[in-house]
Structures are given as structure tokens and as C-alpha cells.
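In this note's numbering, the protein residues as written are 5 to 663. Here the structure is laid out as C-alpha cells; the discussion comes afterwards.
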Amino acid sequence: MFLSLEKRLREAVAAHIRQTYQLDPPIVVESPKQAQFGELALPVCFTLAKELKRPPRKIAEEVAAAMPPVDGVAALEVAGAGYINVRFDRAAYAASLRKPKDSVTAAGEKIIVEHTNINPNKAAHIGHLRNAVLGDTLVRMLRALGKQVEVQNYIDNTGVQVADVVAAFHFVEQKSPAEVQAIVDDPSVRFDYLCWDLYARVSARYAAEPETKQWRASTLKAIEEDHGELAEMGRVVASAIVNRHLDTMLRLGIEYDVLPYESEILHLKFWAACFELLKQRGAIHLEQQGKLKGCWVMPASLFDEDHKEAEEGEEEGEFEQDKVIVRSDGTVTYVGKDIAYTLWKFGLLGRDFYYEPFRDYPSGHRVWRSVSVDPGAPTPSFGDGAGVFNVIDVRQSYLQDVVKAGLQALGYQNEAQRFVHFSYEMVALTPRCCAELGIELSDEDKRRPFVEVSGRKGLGVKADDLLDMLVRGALSEVSSRHTALPAEKQEEIARQIAVGALRYFMLRFTRTTVIAFDFQEALSFEGETGPYVQYAATRARNILRKLSERGEEIPDFAAELTDAALARQLESEDFWQLLLSASRMEWTIDRAIAAGEPAQLARYAFQVAQTFNNFYHQHHILNETDRERKVFLLWMTQFFLHELVTLMDVMGLPAPEVM
């Protein structure tokens, strides 16, 4: 309601200014610094003053006096040097909130959100969780506002990381593809954990014996060419790991629509088509001399040089100003394949993948994967988006700049503007968290505010281990509070609390902030945490449950809370501010998307929970003797509960029955 009323106001003010002054300035809406000044403030008269060469306050007085009525607005008041403060019609506002909301239907141009994108070579780690939670929350926010969103999880199954694990199985462990498949099929083996250790071992081997790096080169080439035992083993490893990753993310309520495989970009000649296009339009050239002789490169003049970082797996010193797109041995770099993938996302490549079902989620939703052979059956259509969000960590900013430069060099300026790198900083651990995980630290590391982790060195936290520890911590609290509950119910609630704790912790910090994860802080029932927000919803639900246990029914709010009754109750400034606070969800989501900052939503969720907890302590709702006030308080409780649970769902936080 708050968002729709604000939009209605902006449209009315814009129309009035066009008609009266023949001007079309941007209509900016602000929140007054103090509640006593109303619900919104319009600074537009300061902009008009520059055009009209008149004092802004005089213009504000004219606008406020001549503006036609706006449905839902009670008054426009001039303040200060030229602000127009806006006061809502409180009873009308509350009455509109009492009406059932229309269900949101996805519409408009498709937005593609690519997130998670874990190399399918080992178990997911804590850093991947930040990516997935940010991406999934962005998807949920967009869908909450009625946007059509497609969720992609790009599978880099032909990269150096997969090649390293395949090389380790083949050259170090001397396993055949069939033997690796047998390991995958063994229920007693956590294959993604086994590969985690194997990846660290082969990385150490490369460092100790540099000549063994030839394993990587030969394996990478075999996988890209899809030839021989190494390629077959690459398919076994990647498929098994992707399934494990999807299991891990499902624990957090994260699902995908399509898994585009990098191998299909090569097999279906996406890259070949993109390569010809890049050459034809002069975006890349063949280097004739120097270290990069024989490489196809993109000139550094085409992209931002502020974020230079070599791809993981490149030799130190291999990185140059001009970006290598195709290496001298003919293999394509990650960024080259990503340019082709991005062209497909925007529907600019003139070709498409084939698709086959990958798996069905318990929800009934199906995730598809790209394939290179026509399955001969109808499949959904993917790609061809109007806008693209890539959720990729900040260390990849340089490569994302190169991809964007590729779009621009090809003449796709509009698409380049709609290509958003949704970056974020890394996740580290507090020394206390390391101790709880059994990670040994040096005395120097123990004194640091956070400790960085490294997958190559095998130092890190596997995502499932982290979730398991959070569940155990939550279960300890739940079992002590609810001894009468069956064990399976206790475990269910513990899982919900753990998911809420983790997701909120990943969202509460701005994307540019390095997170130092801490178990005790994340699981706390006090402060700005997921469990605190969840507990507020549980409290609201308990009030309504206790009403039923007393033999009372939920009142007929439409019949008992007339406009006159709402107006009387909302004369209380406390009640009015409480209602406003709980009704800004869509407005906050809209602002969070515009700012590209889900942390704003997390902060709002905490504020709503805090507001309800204060409301809970100040009013003895069930014992209220004044009938009208009791009905109003019960309606407020129900409204809080509905809004908070809806908000939590947008953030991916479960709402436990008890805590």
C-alpha cells in the first residue's frame, strides 16, 4: 500500500507540474527525518525554482494549494524553505491494508539472474553460500514485485578446476572413469568431500613439482574437445558434484530453473559463432609477437583497467593489459566463453541450447540442463532476457568488465547497460568460529578480527558442515525449551532456525562488506539476527493461538473495524507509526532493488520484528477490556504476522511454529 500510494502521489504531482509549469522534473520522494512532519516529503520545488527563477517556498505554496486531491492523501503542507510534506488519510490507509491482497503474477520483460555458479569439482563452501543467498533473495525480491525472473546456475564443467580433480583421479589415483563412477555410487562416500581433499592434494603437488602442471593442460584440452577417458571422467565428476551442490542449496530453500553447461557452449558452437562475431567487428585481434603471440586478445583500451585480476588457474605473470580470449594452443579462456554465454542470455546469438530435465524438486519445480543433442520432446524456452544480473564475487569484477566491454565492442550498447555485475565481498571466519570448527590457527591469526579461507589449500568450511553445526546448536536450544515435543519435530524446528540464522547473517551486511562468520552471533535470539526475526513471528502466532485456546474466535475485522473505528484508534501516534512501519514491505523491496542492496531488506525485517516486540510488551492484547481496542489490537497482531511472514519468505527465512 505504501509503495502504491507513493507512486500515485508522484504521478499526480508530475501531471500537475506539467500542466501548470510545462516542466517535467524528476519527482523525488523522501522520508521526513521526524514523524511529526508527515509520511513523505517532496523536494521538487527546489528543482523548479532553478527553472522558474522564483523562491522554492512560493512555488511550494502554489503547488500545495492548487494540487487536485490524491486518493489516500489527507493533506499537503509547506515546510521549511520549500518542502511539501505529505500526510496520509490514516483510516483510508488502514482500511486498504485490511483488504486481501491480489496475488502477484509474473509479468513484463524477463530478467535473468545467474547465481551460485560453483565449480563442479568439490563440495560447496561458506563463500558459495553468500553468493547463493544473495542471488536467491534478489530473485525473490524481483518476483515479489511481479517481475518475470529466470534463475540460471552456470556449470563450468570444462574449466581448470574440474580438470585438476580429473587429473588427480587419473594421474595420481590412477582411476578409470568406471572406478570413479563406482565411488560416486557408493552411499558410504561423500564424493564432494573426497574431491575437496583431492583438489587440495593435487594443488600441493603442482606447487611441489611444477612439471606435473602438464597434467592440467592435457586434461583441460581433452575435456574441451570431449575426447577420451579424461573427458568421460570429467562428465562423471561434474554430474556427481552438481547433484551434491543442488542438495546443499535445497537445504536453504534455493532452487533453479536451468543449468547451462559450459561444455554445450563449445559443442553447439556458441563460442565459434561468438568468435567470428568478435573478429568481424574488430573486438579482438591475433597477437603477432611477444609473450601473447598466437593468442586472440581484446585490447585493454576497451575495458576498465581498475580491476585487474588473473583467472584462477592462470600462471602468475600470464595476465597482461590486453585480455587473452583464446590462448595460443586454441583453448578458450573463461571470459571468452562467458561473452558467448552473455550473448545467448540476451538472445543475441541466433541459436539456443537443447534441454533435458535434470531433476525435480520436492516442491514439484523442475530444473533443466542444457544438452547438445535434440531430446525430441517439447522443452521450455530459456534465455532471451531483457536484463541480466550476474551474482559473482568482487574479485571477478575485472572479468565482468571485459564481458561488458565485449557487448559494447559488438555494438550492443543497450544490453551492456542492462548487464549488472551484482558483486559481493568474501566470507571469512572469526577466530572463535575457527576454534569451534577445529581449525588450528597461529598465534598471529588468533589475534586477527577474521581469518581468510582457501579452497586450494584445503582451509575452509564446507557448506554442509556449517549447516550441520548450526542445526546442532539450534537443536540444543529447542530441545531445552520444548522437552515435550517429539524428537523429529525438534529437529525440524532446529533446521528452520539454522536456515534463518544463516540466511539472515549473509544478508544483513552490505555487499561491499567482508563477512566474518560467527556461530554464536548468527544463532543468537537477541539482536539483529535471523532467530530474533523468527521469534517475533512466533510470538504473534502464539497470541492468536492463545485466543483460540480461550474459546474465542478471530473477530470479523471488516464488520467491527469500521472506518470511524480505525480513525479513532489511529489517532494514537504510536499506533499509526506501528502500522506504517509494518506496511512498508513492498516499498522497502523496491528501494532495495534500486540500490542493489538486500541488506536494506534485512534491516527492515529486524525493525519490523523489533516494532512488534515493543507492541507485544506494551499492550496486554488478550486481556484488553475495551472491545473496539481489543479488536484493533488483534487486527494489528494478525497484520504484523502476515507481513512479517511474507517478508521472511522473500528473504528465505522459514517461520517455525515454536521457538
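Backbone N, C-alpha and C define an ideal beta-carbon position, used for all residues, glycine too.
Next item on the list: Express the C-alpha separation of aspartate 653 and tyrosine 608 in angstroms, rounding to a whole number.
Entry: 14 Å
Check: Alpha carbon to alpha carbon, what distance is there between asparagine 123 and aspartate 160?
Finding: 6 Å
Check: Should the region 31 to 38 be called in touch with the region 7 to 18, which here means at least 3 C-beta pairs below 8 Å?
Finding: yes
Note to self: Starting from lysine 361, trace the alpha helix (DSSP H) in both directions and tell me its first and last residue.
What the structure shows: Checking the displayed sequence, the identity of residue 361 turns out to be proline instead of lysine. From DSSP, proline 361 is part of no alpha helix (DSSP H) but of the beta strand (DSSP E) over 358 to 364.
Next item on the list: Measure the alpha-carbon distance for alanine 45 versus isoleucine 597 and round it to whole angstroms.
Entry: 21 Å
Next item on the list: Using the Cα positions of phenylalanine 393 and isoleucine 115, report the straight-line distance between them to the nearest angstrom.
Entry: 8 Å
Notebook entry, point to check: Which whole-angstrom value describes the C-beta separation of arginine 363 and valine 375, a residue pair presumed to lie in contact below a C-beta threshold of 8 Å?
Noted result: With 8 Å as the limit, arginine 363 and valine 375 do not qualify as a contact, their Cβ atoms being about 14 Å apart.
Note to self: Buried or exposed, going by whether 16 or more other CB atoms sit within 10 Å of the CB of tyrosine 365?
What the structure shows: exposed
Item checked: Closest Cα partner of isoleucine 396 within the set Glu15, Leu133, Thr337, Phe6 -> Leu133
Item checked: Beta-carbon proximity list for valine 406, same chain, < 6 Å, skipping 5 on both sides -> Phe307, Lys327, Val339
Next item on the list: Please check the pair valine 455 and leucine 433, which I expect to be a contact at CB under 8 Å, by giving their CB distance rounded to whole angstroms.
Entry: 5 Å
Checklist line | For glycine 351, the nearest candidate out of Thr383, Glu419, Leu645, Lys225 (CA to CA) | finding: Glu419
Check: Over what stretch of residues does the alpha helix (DSSP H) that includes glycine 232 continue unbroken?
Finding: 232 to 254
Check: Just to confirm, are alanine 110 and lysine 57 a CB contact at a threshold of 8 Å?
Finding: no
Notebook entry, point to check: In the DSSP assignment, what are the bridge partners of tyrosine 265?
Noted result: Ile159
Notebook entry, point to check: Just how far apart, CA to CA, sit glycine 86 and alanine 562?
Noted result: 40 Å
Notebook entry, point to check: Does the distance from the C-beta atom of alanine 226 to that of alanine 212 stay below 8 Å?
Noted result: no
Next item on the list: Assign threonine 592 to buried or exposed, taking buried as 16 or more other Cβ atoms, counted over all protein chains shown, within 10 Å of its Cβ.
Entry: buried
Checklist line | Beta carbon of glutamate 43 nearer than 8 Å to that of leucine 570 | finding: no
Item checked: Those residues which DSSP pairs with lysine 151 across a bridge -> Ala111
Next item on the list: Just the C-alpha distance for isoleucine 625 and threonine 516, rounded to the nearest angstrom, thanks.
Entry: 42 Å
Notebook entry, point to check: Using the rule of at least 16 other Cβ atoms within 10 Å of the residue's Cβ for burial, across every protein chain shown, is valine 377 buried or exposed?
Noted result: exposed
Notebook entry, point to check: What does DSSP give as the partner residues of histidine 623 in its beta bridges?
Noted result: Answer by DSSP bridge pairing: none, since histidine 623 is not bridged.
Item checked: In chain order, each beta strand (DSSP E) run of at least 3 residues that lies wholly inside the region 519 to 586 -> 519 to 521
Note to self: With DSSP as the reference, identify every bridge partner of valine 82, one or two as the case may be.
What the structure shows: Ile88
Checklist line | proline 72 versus histidine 20: straight-line alpha-carbon distance, rounded | finding: 8 Å
Check: By Cβ distance, which residues of its chain are closer than 6 Å to alanine 409, with the 5 residues on each side in sequence left out?
Finding: Leu306, Phe307
Note to self: I want to know whether the region 612 to 621 touches the region 485 to 501 - three or more CB-CB distances under 8 Å.
What the structure shows: no
Next item on the list: For asparagine 157, collect the residues of the same chain with a Cβ closer than 6 Å to its Cβ; drop the 5 residues on either side in sequence, then sort them by chain order.
Entry: Thr120, Tyr260, Leu263
Notebook entry, point to check: Buried or exposed: glycine 163, going by 16 or more other Cβ atoms within 10 Å of its Cβ?
Noted result: buried
Check: Is it the case that the Cβ atoms of aspartate 504 and leucine 290 are separated by a distance below 8 Å?
Finding: The sequence shown places glycine at residue 504, not aspartate. Not a contact, by the Cβ cut-off of 8 Å.
Next item on the list: Helix, strand or coil for asparagine 618, going by three-state DSSP, please let me know.
Entry: helix
Note to self: Could you tell me the alpha carbon to alpha carbon distance between proline 104 and valine 475, rounded to whole angstroms?
What the structure shows: 36 Å
Check: Expressed to the nearest angstrom, what Euclidean distance is found between the alpha-carbon atoms of glutamate 557 and arginine 485?
Finding: 28 Å
Next item on the list: Starting from glycine 391, follow the beta strand (DSSP E) in both directions and report where the run begins and ends.
Entry: 391 to 395
Check: What beta strand (DSSP E) runs, 3 residues minimum, are completely inside the region 163 to 234?
Finding: none
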